[in-house]
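So the sequence shown is numbered by my numbering: it starts at 15 and just counts up by one. Ideal Cβ placement from N, Cα and C applies to all residues, glycine included. Nothing here was measured: the structure is a model prediction, and the numbers come from that model.
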Amino acid sequence: MSQSENSVFVIYREGSFGFEEISKILEMMPDNASVGTKQGENTAWKLFTPDKDLHIEEQLRRWVDLLGGKTEKLKELEEGGWTIDLDCLVQPEDGAAIACFDSELLRQLSNLHVNLIIRFWG
């Protein structure tokens, strides 16, 4: 089965907020950031996976490794009103896709204070 897989770590909140706050709290710089300037727009802070050639499970393990030491900081952002997502896209080339995650990875993800979104698009 051949498929393309991609994941993005995104923190967002409706309204106009300085995304520099997120960079300062996480001690990381985003790959992309934007400030919502109109009603209904989000301020967003994003990191893209550098490992697009890896299966989605391995990409998620890389996110756990990268973010695992920042759980309290992520919780602080979450409690401050920010939404935190790991947004994944799996694009099968033959019409079918499977994503299987072991229980240890799921436990580690749940400790990060992030939402997991997996989109299957063929």
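Handout entry: Buried or exposed (CB count within 10 angstroms, at least 16 for buried), Q53
Key = exposed
Exercise for the section: Go to L80, then tell me how far its alpha helix (DSSP H) extends in each direction, as first and last residue. Expected result: Unbroken alpha helix (DSSP H) run through L80: I70 to L81.
Exercise for the section: For S37, name the three-state secondary structure that DSSP assigns. Expected result: helix
Exercise for the section: Please list, in chain order, all residues of the same chain as L130 whose beta carbon is under 7 Å from its beta carbon, the five residues on each side excluded. Expected result: Excluding residues within five positions, the ones whose Cβ falls inside 7 Å are L100 and L123.
Problem - Three-state secondary structure (DSSP) of C114 - result: coil
Problem - Selected residue, minimal CA-CA separation from D45, among A58, G94, I39 and E35 - result: A58
Practice task
Report the rounded CA-to-CA distance for C114 versus T63, giving the unit in angstroms.
Solution key: Distance between the alpha carbons of C114 and T63: 19 Å.
Handout entry: Which of helix, strand or coil DSSP assigns to I28
Key = Going by the sequence as given, residue 28 is Glu instead of Ile. Judged by DSSP in its simplified three-state form, E28 adopts strand.
Handout entry: Short Cβ contact (8 Å threshold) for L103 with N20
Key = Their beta carbons are under 8 Å apart, which means L103 touches N20 by this criterion.
Exercise for the section: Would you please verify whether the beta carbon of D45 is less than 8 Å from any beta carbon of chain E? Expected result: Included in the structure is just one protein chain, with no chain E present.
Problem - Sequence-distant residues of the same chain with beta carbon closer than 7 Å to L91, five excluded per side - result: I25, I36, I39 and I98
Practice task
From the DSSP output, in three-state form, read off Q53 for me.
Solution key: Residue state, collapsed to three classes: coil.
Exercise for the section: Measure the Cβ-Cβ separation of S18 and Q105 and say whether it is below 8 Å. Expected result: yes
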